[in-house]
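Student:
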Amino acid sequence: MKGVILAAGRGERLRPLTDDRPKVVLKVANKPLISYVLENLDPFVDEFVIVVRYKRDRLIETLGDEFRGKPITYVEQLPGDGTAKAIESAREHVGEGEFIVVNGDIYFEEAAIKELISTFRREKADAAIVVKHFDDLSHFGKIETEGAFVTNVLEKPGAISGYANLGIYAFKPTVFDFIARTGLSKRGEYEITDTLNLLIKAGKKVAYAVYDGYWNDIGRPWNLLELNEYLLKNKLRHEIRGTVEEGAVIIPPVEIGEGTVVRSGSYIIGPVKIGRNSKIGPNCFIRPFTSIGDNCHVGNAVEIKNSIIMDHSNAPHLNYVGDSIIGENTNLGAGTITANLRHDRGNIKVEIKGKLEDSGRHKLGAIVGHNVKTGINVSIYPGRKIGSGSLIGPGVVVNRNVPPRTLVVINQETLVKKL
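Here the working numbering is used: position 380 in the sequence shown is 363, and no number is missing along the way.
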């Protein structure tokens, strides 16, 4: 059986973290999102087919041509948007057998695939879908069922309870005939949910498998923090492969990679994961649910809490990073502080595709892109985004979002976009 992974999307809602890369290569707990998808598909498939488009070379560079000895084939998505069009792109590569399809930007565990395959074969279905019960389906498609089968798929029906579509499917090759008959949706996309409804109307069997385990749709920056917390809390092993100097305090579980040095006076409370060849301390405080990547520097008088620091990034002195995401190759100048709490303790709202969205979190710091440099004594408001390649001058208060490749001077009175 082959596993098809849909990874062509731009990840607009995750900007600035996706300014220069597809969202499936963003690292959580120091591993690319798509690696978790591959790991949990691996026991059930003998080959991977990955549908790509946006910044495809970055994904291919990340994964290579095989995973755990099983080949990976990359397929360019056909013209047109949507999940049905993405699946159609893999038609020549899945052959005449049954195959699994998963969205590349979700996290799930092996139990979801095991239950999917079991249900698909037990019910002798033409297609099967993994579902999970939620109290509020405002952000999900609702799966209506009768007995063992799906009777209808509704798109985001509102604040009602029911089964949600988790973006994990099993199909027979006959699905391609129905994909060919699938028209554009109201969103202007070719949706596999519309294809499922066509299958049902034609009398085909679409079964559903109920999954009760952890699942996350990584669509917005704070979903990365949610997944990071889950992985560190439930999957982390205490393992020290680097060097810890005398006078440093490590409270398990903490994973420290090869070549990393934790200097005297550092105080680390797990769960915390630190990658390879990083420099930690002296005299810093790293609090739970923090991931620090490879070749990073966390220096003197720095506190980091519940955050993701990606590879080659530095918080070298006198910094506070709380509930934040710092992209790759970013440097925080001395005294750069991320605020993560409103005075009224209300939920932090974040601008997503031009509209403010409630993150549902009363603590959320900065979302900083890649290759960003901040000057000394920069303060960043809660929920603000700094675009990749931007330079923030000394003493700036970042009280609104900063576009990519922008120079910002004192109080953001001048914004000079770099060509």
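For each residue, glycine too, the CB sits at the ideal point set by N, CA and C. Nothing here was measured: the structure is a model prediction, and the numbers come from that model.
Taking the continuous alpha helix (DSSP H) assigned at H353, which residues delimit it?
Tutor: No alpha helix (DSSP H) holds H353; DSSP gives it neither H nor E.
Student: Going by DSSP, what residue range makes up the alpha helix (DSSP H) through V158?
Tutor: First-last of the alpha helix (DSSP H) with V158: V158 to I162.
Student: Rank V351, K53, E209 and V28 by C-alpha distance to the C-alpha of R(-2) and give the top, closest one.
Tutor: Among V351, K53, E209 and V28, the Cα nearest to that of R(-2) belongs to V351.
Student: Check each candidate in D25, R270, L374 and P386 and name the one with the smallest Cα separation from S290.
Tutor: The residue with the shortest Cα to Cα distance from S290 is R270.
Student: DSSP has P54 in a bridge; who is on the other side?
Tutor: DSSP lists E49 as partners of P54.
Student: Taking the beta carbon of E(-5) as the centre, do at least 16 other beta carbons fall within 10 Å, making it buried, or is it exposed?
Tutor: Per the 10 Å Cβ criterion, exposed.
Student: Mind checking if T273 is an interface residue toward chain B, Cβ cutoff 9 Å exclusive?
Tutor: Absent from the structure is chain B; it holds one protein chain and no more.
Student: Just how far apart, CA to CA, sit N148 and N13?
Tutor: So the alpha carbons of these two residues sit roughly 28 Å apart.
Student: Quick one: Cα of D294 to Cα of S371, how far?
Tutor: So the two alpha carbons sit approximately 14 Å from each other.
Student: DSSP has A(-10) in a bridge; who is on the other side?
Tutor: In DSSP, A(-10) forms a bridge with V35.
Student: Given this structure, state the Cα-to-Cα distance separating I164 from P156, to the nearest angstrom.
Tutor: Checking the displayed sequence, the identity of residue 164 turns out to be Arg instead of Ile. About 14 Å.
Student: Quick check on this structure: which residue in A108, Y146 and G130 has the alpha carbon closest to the alpha carbon of L120?
Tutor: With distances taken between Cα atoms, L120 lies closest to Y146.
Student: Along the chain, where does the alpha helix (DSSP H) that runs through P5 open and close?
Tutor: Unbroken run through P5: none, as it is neither H nor E.
Student: How many angstroms separate the CA atom of V392 from the CA atom of G230?
Tutor: For V392 and G230, the distance between alpha carbons rounds to 40 Å.
Student: Tell me the residue span of the beta strand (DSSP E) that contains H221.
Tutor: Segment: none, H221 is in no beta strand (DSSP E) and carries neither H nor E.
Student: Between the Cα of E81 and those of G(-14), K38 and Y90, spot the shortest distance and give me the residue it belongs to.
Tutor: Closest option to E81, Cα to Cα, is G(-14).
Student: Compute the beta-carbon to beta-carbon distance between T389 and A349, rounded to the nearest angstrom, for a pair I have assumed lies under 8 Å.
Tutor: With a Cβ gap of about 15 Å, T389 and A349 do not count as contacting.
Student: Go through the stretch 110 to 169 residue by residue and report every complete run of the alpha helix (DSSP H) that reaches 4 residues or more, in order.
Tutor: Here the runs fully enclosed are 158 to 162.
Student: Check the C-beta distance from G258 over to I234 and give it rounded, since I have them as a contact under 8 Å.
Tutor: Not a contact, Cβ separation roughly 19 Å.
Student: Would you kindly work out how many angstroms separate the C-alpha atoms of P377 and F31, rounded to a whole number?
Tutor: Their Cα atoms are separated by approximately 48 Å.
Student: Beta strand (DSSP E) containing I96: first to last residue?
Tutor: I96 -> not in any beta strand (DSSP E); alpha helix (DSSP H) instead, spanning E93 to R105.
Student: Looking at C267: is its Cβ nearer than 9 Å to the Cβ of E286?
Tutor: A contact, by the Cβ cut-off of 9 Å.
Student: Around the Cβ of V408, are there at least 16 other Cβ atoms within 10 angstroms (buried) or fewer (exposed)?
Tutor: Since the displayed the chain opens at -16 and closes at 402, residue 408 lies outside it and no answer follows.
Student: Under the rule that 16 or more other beta-carbon atoms within 10 Å means buried, what is P365, buried or exposed?
Tutor: Buried.
Student: At a cut-off of 8 Å, would you count A(-10) as near the ligand GDP, judging by its Cβ distance to the nearest heavy atom?
Tutor: The ligand GDP is not part of the structure shown, which contains no ligands of any sort.
Student: Judging by CA-CA distance, which residue of I175, E44 and D109 is the nearest neighbour of V8?
Tutor: Ranking I175, E44 and D109 by Cα distance to V8 puts E44 first.
Student: Compute the distance between the beta-carbons of G316 and K368, then report whether it is under 9 Å.
Tutor: Cβ atoms of G316 and K368: not closer than 9 Å.
Student: According to DSSP, is V374 part of a helix, a strand, or is it coil?
Tutor: It should be pointed out that residue 374 corresponds to Leu in this sequence rather than to Val. Note: L374 maps to strand in three-state DSSP.
Student: Which one of A95, V34 and W205 has the shortest CA to CA distance from I331?
Tutor: Cα-wise, what sits closest to I331 is W205.
Student: Can you tell which of G329, F159 and H122 has the C-alpha that lies nearest to the C-alpha of E79?
Tutor: Nearest option by C-alpha distance: F159.
Student: What would DSSP say about L208, mapped onto helix, strand or coil?
Tutor: Note: L208 maps to helix in three-state DSSP.
Student: Verify whether the separation of the beta carbon atoms of H280 and K256 is less than 9 Å.
Tutor: No, the Cβ-Cβ distance between H280 and K256 is not below 9 Å.
Student: Report the partner residues of Y364 according to the DSSP bridge assignment.
Tutor: Answer is none; Y364 lacks a bridge partner.
Student: Alpha carbon to alpha carbon, how far is F27 from F161?
Tutor: Using only the alpha carbons, I get a separation of about 25 Å.
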